[in-house]
Amino acid sequence: MKIEKEIQVAVQETLKSLYGADIDEKQIQVQQTRSEFEGQLTVVVFPFLRASKKGPEQTGQELGEYLAANCDAVSKFNVVKGFLNLVISSKSWLECLQDINDDDQFGFVAATEDSPLVMIEYSSPNTNKPLHLGHVRNNLLGSSLARIMAANGNKVVKTNIVNDRGIHICKSMLAWLKYGNGETPESSGKKGDHLIGDYYVAFDQHYRQEVKELVAQGMDEEQAKQEAPLIKEAHEMLVKWEQNDPEVRALWKKMNEWVYAGFDETYKMMGVSFDKIYYESDTYLEGKEKVMEGLDKGIFYRRDDGSVWADLTGEGLDEKLLLRSDGTSVYMTQDIGTAKLRFRDYPIDKMIYVVGNEQNYHFQVLSILLDKLGFKWGKDLVHFSYGMVELPSGKMKSREGTVVDADDLIAKMIEDAYQVSKEMGKNDDIPEEEAREIARKVGLGALKYFILKVDARKNMLFNPAESIDFNGNTGPFIQYTYARICSILRKAQNIQSTQSTQVTLNDKEVELIQKMSEFGAAVEQAGKDYSPSGIANYCYELTKVFNQFYHDYSILNEPDEQKKAVRLMLAKNVAKIIKNGMGLLGIEMPERM
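First residue of the sequence shown? That's 20 in the working numbering, and the numbers climb one at a time after it.
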């Protein structure tokens, strides 16, 4: 914040003038004044006592008197023990407001040619089922994190690794062959990912029945799971896929294309996109090659059965399988291969993986392996680990068809937003088409905000009914405030671009400018912490401060033209910051509600 910096420099000069002391700027702590004391900024006096050779209160008093006399920004002060509380002048706050007003991208740092390249991986779907609620949290976190890292001056590449190979894919393919009767997305009217997901569920249902029948014939359950004809056929299909069987590969390609078309619709509705998509069917061979290279260099070792392992006991971990005895790869091998392709494609400085917390150990191991294999960002890779998301009804299981489908959830959120607005009479004077578009923004805004306001590391309960509320810490509450400001600005004939610095601000106006001035720090902190929730909480706090101000003071009916101009500028810039902040969360802001 510019005023904080000004105070730091002024305190530095004051210490030099009063005590002949050269104090490092980093030792000068300027923080927000606690609400029970008068002032907006507080200087911690204790680090200066060696220079002043006096007690904290006397030192604070001397500093305060000097600053009040020599620093234009300080109009008054008070000392509470070792803390110097400063009342900042209206003139300084108005200059701060003007700076915010003059910068459309206030709070953001633009990337340069020398900016580090940050790659962020998120989504990572399987091609045997549609995206579900867990994927929604993953996609929203990854997409928001990409925007936040870009707002902090990084070059960002958004990537997705699609799990398009393996036994689970063959299960859907086999079920479609057996029970599908040639059904297609066109013939059924279903999205391709939903169609394939239905066959994944169908496989499981038939497979369970086969296991049940084998157990009834006296077979042990574990053996029955291995011997059931369906699972054996699925494994045979996987072997054929590995051997590039033309029929199996053609079916695999056709069904995957159906799924990708379905995914693209869901991504578009969520407002999520990628710069580069990788496929595990390409990366697993690259991974095997890289593992063999590590074997040749003595980084890994081969056991008597032919399997390849990494010994990580020296790092306090265990031994990790990289290639099975039959030469087939594991997930770790695929991740190494994906890293190889990415590093070939981009000069990555930092790699962030947005993956659930059940994979914490996997990424701990991956980091060490990539470092051993010579990837410069391996040791410092970031696993953006997040908790599970559940509904009030409990956990989801995609095998059993009880998964909460992303498309259904999004459609329900939009419809609920429309109905809530209708019941509140908000749609009365709005054309139907516009009401539906507002409902889309509000429904998606409710979903995104509710998920992103929670600390990503925590497990969360998503309650759709709670998320669409025009009061409280919700997306619609913030969107409604933004729409209200837009309405005020439409009613104002014109907004003066320059304001008088002679206006005396009231406490609520000062509080609002101070809160706005903290936006850049909030964006910076969210980037350091990889925390979309930090942005969500900032937007909510700013919205609350504005609403308190608006409750107490009129904008359009203020008789003093200079005060009115200041308040219009306040409103305009609150709207700008809310829009830009919510934009970091991928939330669109309706101008009418």
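C-beta atoms are modelled at their ideal positions from N, C-alpha and C, and glycine is treated no differently.
CA-to-CA distance, valine 137 to aspartate 399, given in whole angstroms: 12 angstroms
Rounded straight-line distance, which links the Cα of isoleucine 574 to that of lysine 95: 28 angstroms
Chain-order list of residues whose beta-carbon lies under 7 angstroms from that of lysine 467 (same chain, five-residue window excluded): Leu159, Gly494, Leu604, Gly605 and Ile606
Where tryptophan 396 sits in the DSSP three-state scheme: coil
Tyrosine 320 (DSSP reduced to helix, strand or coil): strand
Rounded straight-line distance, which links the Cα of asparagine 576 to that of leucine 508: 13 angstroms
Three-state class that DSSP yields for serine 506 in the structure shown: helix
Glutamine 242 in three-state terms, based on DSSP: helix
Per DSSP, the bridge partner or partners of threonine 61: Gln50 and Asn104
Limits of the unbroken beta strand (DSSP E) element including aspartate 330: 327 to 330
Proximity below 8 angstroms, CB of asparagine 104 to CB of glutamate 55: no
First through last residue of the beta strand (DSSP E) which encompasses lysine 177: 174 to 181
Beta-carbon proximity check, valine 62 vs leucine 82, cutoff 8 angstroms: yes
DSSP three-state assignment for phenylalanine 565, whether helix, strand or coil: helix
Collapsed DSSP secondary structure at histidine 254 in the structure displayed: helix
As assigned by DSSP and simplified to three states, the class of valine 98: strand
Start and end residues, alpha helix (DSSP H) containing valine 128: Note, valine 128: premise wrong, no alpha helix (DSSP H); not H, not E.
Aspartate 121 - DSSP class collapsed to helix/strand/coil: helix
The segment 518 to 536 / the segment 476 to 483 touching (three or more Cβ pairs under 8 angstroms): no
Touching by the beta-carbon criterion (3+ pairs, under 8 angstroms), the segment 187 to 206 and the segment 446 to 454: no
Phenylalanine 222 in three-state terms, based on DSSP: helix
Contact belief for tryptophan 112 with proline 204 at Cβ below 8 angstroms, rounded distance in angstroms: Not a contact, Cβ separation roughly 59 angstroms.
Three-state secondary structure (DSSP) of serine 424: Correcting the residue identity first, residue 424 is aspartate in this sequence and not serine. Three-state result, aspartate 424: strand.
Bounding residues of the beta strand (DSSP E) (the contiguous stretch that carries glutamate 140): 136 to 140
Three-state class that DSSP yields for glutamate 409 in the structure shown: strand
The segment 457 to 475 touching the segment 151 to 166, judged by at least three CB pairs closer than 8 angstroms: yes
Which residues DSSP lists as bridging serine 348, in chain order: Leu342
Cβ neighbour criterion (16 or more within 10 Å) applied to tyrosine 380: exposed
Run of the beta strand (DSSP E) containing lysine 295, from where it starts to where it stops: 295 to 298
Residue interval of the alpha helix (DSSP H) (run including tyrosine 38): 21 to 38
Where the alpha helix (DSSP H) through isoleucine 487 begins and ends: From DSSP, isoleucine 487 is part of no alpha helix (DSSP H); its letter is neither H nor E.
Lysine 416 - DSSP class collapsed to helix/strand/coil: At lysine 416 the pLDDT is 45, less than 50, meaning the model places this residue with poor confidence; the figure from the coordinates comes in the next sentence. Here lysine 416 sits in coil by DSSP.
At least 3 beta-carbon pairs within less than 8 angstroms: the segment 213 to 230 vs the segment 260 to 271: no
Endpoints, beta strand (DSSP E) assigned at methionine 370: 369 to 375
Beta bridge counterpart(s) of leucine 480 as assigned by DSSP: Glu409
Rounded straight-line distance, which links the Cα of glycine 290 to that of methionine 612: 21 angstroms
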